[in-house]
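What follows is a short report on a single structure.
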Amino acid sequence: MTRLTTIVLAAALSCAGVLAVGPAAGASGQLGCQYKVLWPTAGVYENPNPNSVVVKTKHAGDIVGASTCEGAAHNEYGYVLVTTDAAADGRGWMRDQAVVQI
Numbered sequence: 005m006t007r008l009t010t011i012v013l014a015a016a017l018s019c020a021g022v023l024a025v026g027p028a029a030g031a032s033g034q035l036g037c038q039y040k041v042l043w044p045t046a047g048v049y050e051n052p053n054p055n056s057v058v059v060k061t062k063h064a065g066d067i068v069g070a071s072t073c074e075g076a077a078h079n080e081y082g083y084v085l086v087t088t089d090a091a092a093d094g095r096g097w098m099r100d101q102a103v104v105q106i
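Under the working numbering, the first residue of the sequence shown carries the number 5, and numbering increases by one thereafter.
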């Protein structure tokens with residue numbers, strides 16, 4: 005089921021101009037991922053796209069994460085999946101350079 009979900013997500017995101025979707029580098033999808041925000045402020049996007057709506061703002065030192073370790077890329081920008089109530093589907097995306105995995 006997880007593979008099917010990933011394939012469906014990849015197909016949907018490719019239609020939106022996303023180049024790649026898959027596990028974040030060095031991440032274990034079964035344990036989930038947590039990240040610490042590095043930037044003074046970092047947006048949580050509705051979709052992994054720099055033109056997407058910012059649904060929430062996180063600050064340096066905040067801990068974010070998701071139960072799965074998914075990543076996505078749009079042109080030169082990389083994104084990691086985070087859980088958020090602010091997104092319509094509960095899934096938000098943050099720039100991978102704004103966070104460090106903990």
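Cβ atoms here follow ideal geometry from the backbone N, Cα and C, with glycine treated the same way.
Reference LEU85, options ALA77, THR61 and TRP97, closest by Cα: TRP97
Closest by C-alpha distance to THR72, when choosing among ARG95, LYS40 and ARG99: ARG95
Secondary structure of ALA76, DSSP reduced to three states: strand
Nearest residue (CA-CA) to PRO52, options GLU80, LYS40 and GLN38: GLU80
Per-residue burial, ASP100 [other beta carbons within 10 Å of its own, 16 or more giving buried]: Classification of ASP100: buried, given that the 10 Å Cβ count is 16 or more.
With LEU85 as the anchor, note down where its beta strand (DSSP E) starts and where it stops. 81-87
Test item: CB-CB of GLY47 and GLY69 under 8 Å: no
Here's the rule: buried if 16 or more other CB atoms are within 10 angstroms of the residue's CB, otherwise exposed. What is ALA76? buried
Have a look at GLN105, VAL59 and ILE67 and flag the residue whose alpha-carbon is nearest the alpha-carbon of ASP93. The shortest Cα separation from ASP93 among GLN105, VAL59 and ILE67 belongs to VAL59.
Exposed or buried, GLY65, counting other C-beta atoms within 10 Å across all chains shown (16 or more means buried)? exposed
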